Each structure stands twice: as structure tokens, then as C-alpha cells.
Amino acid sequence: MSRRSRRHSTGFGYIGFGNNQATFNQKTSTPFSVYKEKLDLEAHLHYKMHFLHKDLTKEDKQKIKDKIRKQEQKLFIKTVIISLFVFAGVAYTGYYLINQILSH
Numbered sequence: 011m012s013r014r015s016r017r018h019s020t021g022f023g024y025i026g027f028g029n030n031q032a033t034f035n036q037k038t039s040t041p042f043s044v045y046k047e048k049l050d051l052e053a054h055l056h057y058k059m060h061f062l063h064k065d066l067t068k069e070d071k072q073k074i075k076d077k078i079r080k081q082e083q084k085l086f087i088k089t090v091i092i093s094l095f096v097f098a099g100v101a102y103t104g105y106y107l108i109n110q111i112l113s114h
């Protein structure tokens, strides 16, 4: 009784693709416009956003930049506050442990 031989598929390639032959043989069957419409629909349903297909004025661009800067600043402040609390907790724990070790 002979053992079955193990053969790799002809599409054996980069390990990141999971050695799947179909990855190398795929071709797009749907045009980009279909994906674009789906993206627009999803963005509108989840985020109440409409994609505008017009050039923005300088004022609109500045408003968008200011809004992004304000969001980043809020995130930075939250991160700093949380980091200070965590650092204070770690510092206090370290101080307490050092005092307990030195008192014995």
C-alpha cells in the first residue's frame, strides 16, 4: 500500500496570502463605480455623511482643518490626563513599596 504524495498547488507563493492559488488568479468582476456607490451609501447610513463632488473653497478647507485640529487637541488633552493619572498611580505604588521594604 503506497502513501499518497503531497503536492503543492501551482500558485504556491507568498506566505502572507495563505498559499491560496485563488489569490493569484483573481480578477475584479465588479467595476469601481459599484464599490464607490456602496461606500457612499454606507458612509451616509452610518456617519450621516455625503460625499461632495465639488471643489471646496478656502473657507471650507479652513473650517475642516480647524475642526480636525480641535478634535486632535481634545484627544491629546484626554491622553495627557489619563497618562498623568496612570503615572501618579504607578509612582505612588512604587513609593509605597519602597517604604515598606526600607521599613523592615
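In my numbering, the protein residues as written are 11 to 114.
Ideal Cβ positions, reconstructed from N, Cα and C, are used throughout, including at glycine.
In this text the structure is predicted, and so the values were computed from the model without any measurement.
query = Three-state secondary structure (DSSP) at residue 51?
reply = helix
key: Start-to-end residues for the alpha helix (DSSP H) that takes in residue 103   = 68 to 113
Close-in-space but distant-in-sequence residues of the same chain around residue 107 (CB under 7 Å, 5 per side omitted) = none
key: Span separating the alpha-carbon of residue 85 from that of residue 47   = 32 Å
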